[in-house]
Amino acid sequence: MAYQSIYPYTGELKKTYENQSDQYVEDKLQKADALYHEWRNQPLDGRAKILHAVADNLMKHQDELAKAMVQDMGKLYGEAKAEVALSAMIANWYADNAKDLLRPQRVYTIMGDAHYEYHSTGVIMAVEPWNFPYYQVMRVFAPNFMLGNPVLFKQASSVPTTATLLEKYTLEAGAPEGSLVNLFVTYDQIEKIIADPRVSGVALTGSERAGQKIAAEAGKYLKKSTMELGGSDPFIVLDDADLDDIKKILYMARLFNAGQECTSAKRFIVTAKNYDRFLEMLKEEFAKAKMGDPMDPKTTLAPLSSKSAADDLHQQVKDAIAHGATLAYGDLDALTPTPNGFWMPAVILTDVTRDNPAYYQEFFGPVGVVYKVADEQEAIKLANDSHYGLGGQVFAGHSKHAAEVASKIETGAVYCNNFRGSIPELQFGGVKNSGYGRELGRAGILAFANEQMIMRNPYDKIDLNHTIGGFV
Numbered sequence: 008m009a010y011q012s013i014y015p016y017t018g019e020l021k022k023t024y025e026n027q028s029d030q031y032v033e034d035k036l037q038k039a040d041a042l043y044h045e046w047r048n049q050p051l052d053g054r055a056k057i058l059h060a061v062a063d064n065l066m067k068h069q070d071e072l073a074k075a076m077v078q079d080m081g082k083l084y085g086e087a088k089a090e091v092a093l094s095a096m097i098a099n100w101y102a103d104n105a106k107d108l109l110r111p112q113r114v115y116t117i118m119g120d121a122h123y124e125y126h127s128t129g130v131i132m133a134v135e136p137w138n139f140p141y142y143q144v145m146r147v148f149a150p151n152f153m154l155g156n157p158v159l160f161k162q163a164s165s166v167p168t169t170a171t172l173l174e175k176y177t178l179e180a181g182a183p184e185g186s187l188v189n190l191f192v193t194y195d196q197i198e199k200i201i202a203d204p205r206v207s208g209v210a211l212t213g214s215e216r217a218g219q220k221i222a223a224e225a226g227k228y229l230k231k232s233t234m235e236l237g238g239s240d241p242f243i244v245l246d247d248a249d250l251d252d253i254k255k256i257l258y259m260a261r262l263f264n265a266g267q268e269c270t271s272a273k274r275f276i277v278t279a280k281n282y283d284r285f286l287e288m289l290k291e292e293f294a295k296a297k298m299g300d301p302m303d304p305k306t307t308l309a310p311l312s313s314k315s316a317a318d319d320l321h322q323q324v325k326d327a328i329a330h331g332a333t334l335a336y337g338d339l340d341a342l343t344p345t346p347n348g349f350w351m352p353a354v355i356l357t358d359v360t361r362d363n364p365a366y367y368q369e370f371f372g373p374v375g376v377v378y379k380v381a382d383e384q385e386a387i388k389l390a391n392d393s394h395y396g397l398g399g400q401v402f403a404g405h406s407k408h409a410a411e412v413a414s415k416i417e418t419g420a421v422y423c424n425n426f427r428g429s430i431p432e433l434q435f436g437g438v439k440n441s442g443y444g445r446e447l448g449r450a451g452i453l454a455f456a457n458e459q460m461i462m463r464n465p466y467d468k469i470d471l472n473h474t475i476g477g478f479v
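Put into structure tokens, the structure is as follows:
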């Protein structure tokens, strides 16, 4: 596995990073495990100060970090800066709130007073993607840092510069060695790491295929795991929705990060009353897409992250059309800003029927798919007719109505009459083939915690008259 930084705007190879040896990994794992045992005897306050310092250092180097992301995976510079800021926000939130989130919870029972305590469990192995290279790692690192679990992470091989800088500026801020470790390793090495008894859990954000492989390894060695595996999120527009209001977010709903986002609106599901106008609105918004230099503020549509990503998406759209879909907007052969960049123009597909393979696929790029449905019930049915269940959005005349529909959607999260977004307080994760487990919020800090129950006998001595339930 070659770790290479290839600039998507030009296709130019910027730098190659060497894979790390088994001995290097062992040295890092030893340090991480030693730190885990050291942290078990320390209060959270010291780590909170360090995590605040990490957030400050990320913002201090925001420009450098953002430019590295542009170079590695082609993200628009403005979006890259925003991702650095979001990562710092997550770090600050867990530093501020971890003590409350981990406060023991009391339970009163007929056997006596009990409470739950939340303890660290060991080193966590995180396997992370390329599309949000700082944010995805921070979702795992920040809560586990406060809990007391050191994190080893392997980024996608296409974003080695961002991985290197994230580790560098985290340690530079005062995080102890072993708390966050970047690894340039192969999948065979990852399996060995997962198998190691010093590793207590595995977190992955990535493709369905990658999730199946890593989840199988985690299961083989009885390691707790969380999996966030993409989605085909519905964007439901009901009869009474305010289309003028919706138009404000249509571009960002699908084309943010060049459409390379697990929770972007992959399927626009629109009732017949609004379908024609909505489709015209979507075309108008997609027409604003301007491919170009991701460092240029006038550019609104970045290149895709890699040549294979662009080639695969082109072919996926062609296959959908060959099976009966209509190319309602866009030109797959549109002129591109650079001859060797990884380009995909913004396109809209309609008439994707259930017998079309594209119906159950995720389009990971600037492709909008629009469906016409008769009514609300058909919208719900279509939204749930998916192998995925990550997120979604519902728009109605009133948010109460939207929320009533949202509760019938089989996903991990739904935004009602609002643009989707990520903030530290709100947990993130899916169902079905979108994975399992949650990151962020309170769920994120408990994902790899030992939730230990402690029951205290109020009588001090055993009372056999209160052994309700027997000796189970």
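Position in the sequence shown (first residue = 1) + 7 = our numbering. Built from N, CA and C at the ideal position, the CB exists for glycine as well.
Taking a 10 Å sphere around the C-beta of ASN138, we find 16 or more other C-beta atoms and assign the residue as buried. GLU45 has its alpha-carbon roughly 58 Å from the corresponding atom of PHE285.
Collapsing the DSSP output to three states places GLU235 in a strand. Rounded to whole angstroms, ALA149 and GLU287 show a C-alpha spacing of 43 Å. For VAL91, the enclosing alpha helix (DSSP H) stretches over residues 84-108. A Cβ-Cβ distance of about 15 Å is found for the pair TYR336 and LYS297, leaving them out of contact under the 8 Å criterion. Beta-bridge partners assigned by DSSP to VAL130: VAL206. Under the criterion of beta carbons closer than 8 Å, ILE276 and PHE242 qualify as touching, at roughly 7 Å.
Around LEU83, the same chain offers PRO301, THR306 and ALA309 as residues with beta carbons nearer than 7 Å, after the five sequence neighbours per side are excluded. Below 8 Å, too few C-beta pairs join the region 196-212 and the region 364-372 to call them touching: fewer than three. Under the three-state reduction of DSSP, ASN457 is assigned to strand. Buried is the label assigned to GLU174, since at least 16 other Cβ atoms lie within 10 Å of its Cβ.
The three-state reading of DSSP puts PHE152 in helix, counting H, G and I together. With a minimum length of 4 residues, the unbroken runs of alpha helix (DSSP H) contained wholly in the region 239-295 fall at 250-254, 257-262 and 279-293. LYS175 sits in a helix when the DSSP states are folded into three classes.
With contacts defined as CB atoms closer than 7 Å, TYR123 and MET460 qualify as a contacting pair. With distances taken between CA atoms, LYS74 lies nearest to TYR16 out of ARG261, ALA222, ALA456 and TYR16. Rounded to whole angstroms, VAL77 and GLY53 show a C-alpha spacing of 34 Å. The secondary-structure analysis by DSSP pairs MET298 across a beta bridge with LEU308. If you keep only unbroken beta strand (DSSP E) runs of at least 3 residues inside the region 310-391, you get 333-336, 354-357 and 374-380.
In the assembly as shown, ARG110 is an exposed residue. Its beta-carbon has fewer than 16 other beta-carbons within 10 Å. GLN112 is bridged by DSSP to TYR123. Proximity to SER315 across HIS408, LEU334, ARG427 and GLY348 peaks at GLY348, based on C-alpha coordinates. Look at VAL192 here: in three-state DSSP terms it is coil, with no helix or strand label. In this structure, TYR142 and THR169 do not form a Cβ contact; the two beta carbons are roughly 11 Å apart against a cut-off of 8 Å. Here ALA413 has VAL401, VAL421 and CYS423 as same chain residues with Cβ atoms under 6 Å from its own Cβ, once five neighbours each way along the sequence are excluded.
A straight line joining the alpha-carbon of PRO344 with that of GLY299 spans about 6 Å. Classified as buried, LYS230 has 16 or more neighbouring CB atoms from the shown chains inside 10 Å of its CB. Under the three-state reduction of DSSP output, LEU187 falls in the strand class.
Assignment of GLU19 by DSSP, reduced to helix, strand and coil, places it in the strand class.
In the structure shown, LYS38 falls within a helical segment according to DSSP collapsed to helix, strand and coil. In this structure, DSSP gives THR418 a state outside helix and strand, which the three-state scheme calls coil. Following the DSSP letters along the chain, one finds SER406 in no beta strand (DSSP E) but inside the alpha helix (DSSP H) bounded by residues 406-413. With a threshold of 16 other beta carbon atoms within 10 Å, GLU369 meets it and is buried. Going by C-alpha positions, LYS295 is about 28 Å away from GLU71. Remark: three or more beta-carbon pairs, one from each stretch, lie closer than 8 Å, so the region 186-197 and the region 27-44 are flagged as touching.
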